[in-house]
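A.B. asks: Structure below; questions to follow.
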Amino acid sequence: MTIDATDRRLIAATQGGLPLTPEPYSEVANWLSLTENEVLSRLSAMLEKGVIRRIALAPNHYALGMTANGMSVWNVDDQVAETLGAEVGNLGFVSHCYLRPRALPEWPYNLFAMVHGATREEVEVKRAKIAILLGPSCRGSDILYSTRILKKTGLRLKDPGA
Amino acid sequence: MRRNPLSPEALDAADRAIINALQEGFPLSHHPFAEAGASLGLSEEVLIERVGRLRELGVITRFGPFFDAEAMGGAFCLCAMAVPRERFDEVVTLVNAHHEVAHNYERSHHLNMWFVLACEKSSGIAEVADNIERETGLAVLRFPKLKEFFIGFRVAA
């Protein structure tokens, strides 16, 4: 994947968020002394190449009352893990869903799904729904609740021109 | 980031519709708010005002492009460690001292420390994880992402 210096400036300028104005891309173009069309075509090319996953809003689960968050983990048959993973990711209460390698013998789980709820009881009900969806293709599961944030820093790309 | 919940009355049906719709995507066009507003039955002006208010209330953590750091040449890896209770604080300090450690959570499990390593190059992941093992004398299990399924999270409309 190749992105050039202008793409990097565009990333650095927008990673904090888009301006809330009627023509946000035109505003970003002004910041960078580019034309609006250049900003639109570069963003669209990056979307197509997967450098940008999406242009969207990310909600704050805590503010929405979803204060119980569990990392549910599942040991799913490799043959069906991709198909079932996509179905689990499709559930409205799952915010992130990933396939990861197992670390045997200590860790038999290959599917990770973040489940949000107002209470742990609610999270457990949702976890049970995932278990039903996975059915006999799942040979075991667990759930890990976060008990403390030990570090949280944003992931920031530096503007090479700055 | 706001960690405490808003009162349920703080958001109305239009706010919830905005949160659900804009998670799916925001148009790449000359007047994206007008376009997104049209499918929500809201004017450009009202949508901008509401997104601004949601941002101020802390309901939105991010609004804009989500970049895939891996596609840009960066590398990420979820890691886990089983840290003995009596050594926990000491190990937190050793792990967090690495600037590549982006988030770190204590979790209710035998593997009680879970963190994400973010490096410029994929070779950096093994290097940092190995260094943490050496410094702490504890194993660092590595769970790189093989596949991601993203749909988002919906609030009751």
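Going down the list, the sequences are from chains A and B. In terms of my numbering, the first sequence is residues 936 to 1097. In terms of my numbering, the second sequence is residues 60 to 216. Think of the CB as a built atom: it goes at the ideal place given N, C-alpha and C, for glycine as much as any other residue. These numbers were taken from a predicted model, which means no experiment stands behind them.
(1) For the candidate residues A/Arg1037, A/Gly1005, A/Tyr960, whose alpha-carbon lies nearest to that of A/Leu975?
(2) According to DSSP, which residues form a beta bridge with A/Asp1077?
(3) Rank B/Phe92, B/Thr120, B/Arg109 by C-alpha distance to the C-alpha of B/Met60 and give the top, closest one.
(4) Would you decide whether B/His158 is buried or exposed? Buried here means 16 or more other CB atoms lie within 10 Å of its CB.
(5) Does the beta-carbon of A/Pro954 have 16 or more other beta-carbons within 10 angstroms, so that it is buried, or is it exposed?
(6) What are the partner residues of B/Asn163, as DSSP defines its beta bridges?
(7) For B/Asn190, which residues of its own chain have a beta-carbon under 8 Å away from its beta-carbon, when the five flanking residues on both sides are left out?
(8) Which residues, in order along the stretch 939-953 of chain A, keep a beta-carbon less than 7 Å from a beta-carbon of chain B?
(9) Pull up the distance between the alpha-carbon of B/Thr152 and that of A/Met1049, whole angstroms please.
(10) Mind pulling the alpha helix (DSSP H) runs of 4 or more residues that sit fully within the stretch 986-1067 of chain A?
(11) I'd like the span of the beta strand (DSSP E) that includes A/Lys984, first residue to last.
(12) Taking A/Arg989 as the reference, which of B/Leu81, B/Ala161, B/Gly100 has the closest Cα?
(13) Would you check if the stretch 1007-1019 of chain A and the stretch 1062-1075 of chain A touch, i.e. whether three or more CB-CB distances between them fall below 8 Å?
(14) Three-state secondary structure (DSSP) at B/Phe77?
(15) Examine chain A for any beta-carbon lying closer than 8 Å to the beta-carbon of B/Asn190, and answer yes or no.
(16) In three-state terms, what does DSSP make of B/Leu87?
(17) Among residues of its own chain, excluding the 5 on either side of B/Ala161, which ones have a beta-carbon nearer than 6 Å to its beta-carbon?
(18) Counting only Cβ pairs nearer than 8 Å, list the residues of chain B close to A/Arg1035.
(19) Would you call A/Ile1078 buried or exposed, if buried means 16 or more other Cβ atoms sit within 10 Å of its Cβ?
(20) Using a Cβ cut-off of 8 Å (strictly closer), state whether A/Leu1079 contacts chain B.
(21) Is any beta-carbon of chain A found at less than 8 Å from that of B/Asp71?
(22) Are the CB atoms of B/Ala139 and B/Met172 within a distance shorter than 8 Å?
(23) For the beta strand (DSSP E) holding B/Gly123, just list the boundary residues, first then last.
(24) Any C-beta of chain B sitting closer than 8 Å to the C-beta of A/Arg1062?
(25) Between the Cα of A/Tyr997 and those of B/Leu205, B/Pro67, B/Glu145, B/Val154, spot the shortest distance and give me the residue it belongs to.
(26) Find the nearest neighbour of A/Glu971 within the set A/Lys984, A/Val986, A/Pro957, judged by alpha-carbon distance.
(27) Is it right to say A/Trp881 is buried, meaning 16 or more other beta carbons lie within 10 angstroms of its own, or is it exposed?
(28) Please go through the same chain and pick out, in chain order, the residues whose beta-carbon is closer than 7 Å to the beta-carbon of A/Glu1057, but skip the five residues on each side of it.
(29) Under 8 Å, Cβ to Cβ, is there at least one residue of chain B near A/Ile987?
(30) For a cutoff of 8 Å on Cβ pairs, would you count A/Val1023 as touching chain B?
(31) Given a limit of 7 Å on CB to CB distance, which residues of the stretch 96-109 of chain B reach chain A?
C.D. replies: Taking the definition as stated:
(1) Along the first sequence, one-based indexing puts residue 975 of chain A at 40. It is A/Tyr960.
(2) Against the first sequence, residue 1077 of chain A aligns to sequence position 142. A/Asp1077 is bridged to A/Val1008.
(3) Here residue 60 of chain B refers to the residue found at position 1 when the second sequence is read from its first residue. Nearest of B/Phe92, B/Thr120, B/Arg109 to B/Met60, Cα basis: B/Thr120.
(4) Counting from one through the second sequence, the residue named residue 158 of chain B turns up at place 99. Exposed.
(5) Stepping through the first sequence from its first residue, residue 954 of chain A is reached at position 19. With 16 or more Cβ atoms within 10 Å of its Cβ, A/Pro954 is classed as buried.
(6) Walking along the second sequence from the start, residue 163 of chain B turns up at place 104. A/Lys1086, B/Phe174.
(7) As a working note, residue 190 of chain B is residue 131 in the second sequence. Within the same chain, B/Asn190 has close Cβ partners His157.
(8) Ile946, Thr949, Gln950, Gly952, Leu953
(9) Within the second sequence, numbered from 1, the residue matching residue 152 of chain B stands at position 93. Within the first sequence, numbered from 1, the residue matching residue 1049 of chain A stands at position 114. About 26 Å.
(10) 1013-1024
(11) Here residue 984 of chain A corresponds to residue number 49 of the first sequence, with the count starting at 1. Segment 971-984 is the alpha helix (DSSP H) holding A/Lys984; no beta strand (DSSP E) there.
(12) Position 54 of the first sequence, counted from the start, is the residue given in the question as residue 989 of chain A. Cα-wise, what sits closest to A/Arg989 is B/Leu81.
(13) yes
(14) The count along the second sequence starts at 1 and reaches residue 77 of chain B at position 18. For the sequence presented, residue 77 of chain B should be read as Ile rather than Phe. B/Ile77: helix per DSSP, three-state reduction.
(15) As a position in the second sequence, residue 190 of chain B is number 131, starting the count at 1. Answer no: the Cβ-Cβ gap between B/Asn190 and chain A never drops below 8 Å.
(16) The residue labelled residue 87 of chain B in the question sits at position 28 within the second sequence. Note: B/Leu87 maps to coil in three-state DSSP.
(17) The residue labelled residue 161 of chain B in the question sits at position 102 within the second sequence. Closer than 6 Å at the Cβ level, and outside the excluded window around B/Ala161, lie Val175, Ala177.
(18) Against the first sequence, residue 1035 of chain A aligns to sequence position 100. What A/Arg1035 touches in chain B: Leu137, Phe202, Pro203, Lys204, Leu205.
(19) For the purposes of this step, residue 1078 of chain A is identified with residue 143 of the first sequence, where counting begins at 1. Buried, because 16 or more other Cβ atoms sit within 10 Å of the Cβ of A/Ile1078.
(20) As a working mapping, residue 1079 of chain A is identified with position 144 in the first sequence. With 8 Å as the cut-off, A/Leu1079 counts as an interface residue toward chain B.
(21) Position 12 of the second sequence, counted from the first residue, corresponds to residue 71 of chain B. Cβ-Cβ to chain A under 8 Å: no for B/Asp71.
(22) As a working note, residue 172 of chain B is residue 113 in the second sequence. As a working note, residue 139 of chain B is residue 80 in the second sequence. Yes, they are a contact pair.
(23) Residue 123 of chain B sits at position 64 when you count from the first residue of the second sequence. Element bounds for B/Gly123: 119-126.
(24) Position 127 of the first sequence, counted from the start, is the residue given in the question as residue 1062 of chain A. False, the Cβ-Cβ gap to chain B never drops below 8 Å.
(25) Along the first sequence, one-based indexing puts residue 997 of chain A at 62. Looking at the Cα atoms, B/Pro67 is the closest of the given residues.
(26) The residue labelled residue 971 of chain A in the question sits at position 36 within the first sequence. Of A/Lys984, A/Val986, A/Pro957, the residue nearest in Cα terms is A/Pro957.
(27) A question about residue 881 of chain A goes unanswered here, because the residues of chain A that appear run from 936 up to 1097.
(28) Along the first sequence, read from residue 1 onward, the residue named residue 1057 of chain A stands at position 122. Ala1003, listed in sequence order.
(29) For this step, residue 987 of chain A is matched to residue 52 along the first sequence. Closer than 8 Å to some Cβ of chain B, the Cβ of A/Ile987 qualifies, so yes.
(30) Reading the first sequence from its first residue, position 88 is the one you call residue 1023 of chain A. It does; some Cβ of chain B falls within 8 Å.
(31) Glu103, Ile107
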